[in-house]
Amino acid sequence: MKNILLVVDMQNGFARYEQTKVLKQKIFNLLQLEKFDYVIATRFLNTDNSVYERWLKWNKLKDQHEQAIDHSYLKYIDFVVDKNVYNCINQQFLDKLYEINNNQLPDKIYIVGADTDCCILIVATALFENNIRPVVLLNYCASNGGELAHNAGILCLKRLIGKDQLVDVEITEKLDLSSL
Numbered sequence: 001m002k003n004i005l006l007v008v009d010m011q012n013g014f015a016r017y018e019q020t021k022v023l024k025q026k027i028f029n030l031l032q033l034e035k036f037d038y039v040i041a042t043r044f045l046n047t048d049n050s051v052y053e054r055w056l057k058w059n060k061l062k063d064q065h066e067q068a069i070d071h072s073y074l075k076y077i078d079f080v081v082d083k084n085v086y087n088c089i090n091q092q093f094l095d096k097l098y099e100i101n102n103n104q105l106p107d108k109i110y111i112v113g114a115d116t117d118c119c120i121l122i123v124a125t126a127l128f129e130n131n132i133r134p135v136v137l138l139n140y141c142a143s144n145g146g147e148l149a150h151n152a153g154i155l156c157l158k159r160l161i162g163k164d165q166l167v168d169v170e171i172t173e174k175l176d177l178s179s180l
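Okay, here's the thing in structure tokens:
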């Protein structure tokens, strides 16, 4: 089984606050360790008249600069999944997992990124529901909604996928990922 990392929505437009700016650097440091066999990144693309714009009055991530994944990440990313909803787990995504993992679904996928209380929560739950263990690396997750939103996301993740899927450790060169 390959060690697959899913980097969720680490785009210019999501690195707006101190906690997500710090997160951007932490994830870059993680990528530099090259601990993962395959790295998938999601890219959220907001559109005119989207549900986010109509119902949440949220109109960010509509231009190319905000939508762009940090250029320093690109050399580490093997595949980018564009999405215009919170979730990226669909049949096309699952087919890609089969393709990169010797024609079988992986046992687990490591998840990092933003926002803990939105996309991380939904993506982790969708993986869980597809019989793939989501390993959420909490030291590499944050929320633009602040610490309260981040902690709310963690609380919901504990209920939805179980506390054993939430890992609160710093990844180092010496750490064996299979121990997580």
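Using full-length UniProt numbering, the first residue of the sequence shown is number 1, and each one after it goes up by one. All residues carry an ideal CB built from backbone N, CA and C; glycine is no exception.
- prompt: Along the chain, where does the beta strand (DSSP E) that runs through I113 open and close?
  reply: Position 113 of the sequence shown, counted from the start, is the residue given in the question as residue 113. Correcting the residue identity first, residue 113 is Gly in this sequence and not Ile. Per DSSP, G113 belongs to the beta strand (DSSP E) from 108-114.
message: Quick check: the stretch 138-152 against the stretch 31-45, are at least 3 beta-carbon pairs closer than 8 Å?
response: no
Three CB pairs or more closer than 8 Å across the stretch 8-18 and the stretch 110-126: Output reads yes: the stretch 110-126 touches the stretch 8-18.
field: Three-state secondary structure assigned by DSSP to D117
entry: If you number the sequence shown from 1, residue 117 lands on position 117. Here D117 sits in helix by DSSP.
message: With distance defined between alpha-carbon atoms, name the residue in D78, E66, V136 nearest to E99.
response: Within the sequence shown, residue 99 is the residue found at index 99, counting from 1. If we check each option's Cα against that of E99, D78 comes out closest.
task: For N144, count neighbouring Cβ atoms within 10 angstroms of its own Cβ and tell me buried if that reaches 16, exposed if not.
output: Counting from 1 along the sequence shown, the entry for residue 144 is found at position 144. By the 10 Å Cβ count, N144 comes out buried.
Reduced DSSP secondary structure (H/G/I, E/B, other) of K83: As a working mapping, residue 83 is identified with position 83 in the sequence shown. Looking at K83 - three-state DSSP - the assignment turns out to be strand.
message: Under DSSP, the beta strand (DSSP E) around Y140 begins and ends at which residues?
response: Here residue 140 refers to the residue found at position 140 when the sequence shown is read from its first residue. Element bounds for Y140: 133-142.
message: Buried or exposed for T20, going by 16 or more other Cβ atoms inside 10 Å?
response: Here the question's residue 20 lines up with position 20 in the sequence shown. By the neighbour-count rule (16 or more Cβ atoms within 10 Å), T20 is buried.
message: Just to confirm my understanding: we take D107, look at its own chain, exclude 5 residues before and 5 after, and list those with CB closer than 8 Å. What are they?
response: Translated into the one-based positions of the sequence shown, residue 107 becomes position 107. Excluding sequence neighbours, D107 sits near M1, I132, R133.
field: For F44, the first and last residue of its enclosing alpha helix (DSSP H)
entry: Along the sequence shown, one-based indexing puts residue 44 at 44. Counting along the chain, F44 sits inside no alpha helix (DSSP H); it lies in the beta strand (DSSP E) bounded by residues 38-44.
Residues near I4 by beta carbon distance below 6 Å, same chain, minus five either side: Position 4 of the sequence shown, counted from the first residue, corresponds to residue 4. Cβ neighbours of I4 beyond the five flanking positions: Y38, P106, I109.
query: Nearest CA to the CA of D63: which residue from Q25, F14, Q91?
result: Start at 1 with the first residue of the sequence shown, and residue 63 comes out as number 63. Comparing Cα positions, the closest option is F14.
- prompt: Which residues share a DSSP beta bridge with residue 187?
  reply: With the chain represented from 1 up to 180, any question about residue 187 goes unanswered, as that position is not in the structure.
task: Helix, strand or coil for I69, going by three-state DSSP, please let me know.
output: Residue 69 sits at position 69 when you count from the first residue of the sequence shown. In the three-state reduction of the DSSP assignment, I69 falls in the strand class, which pools E and B.
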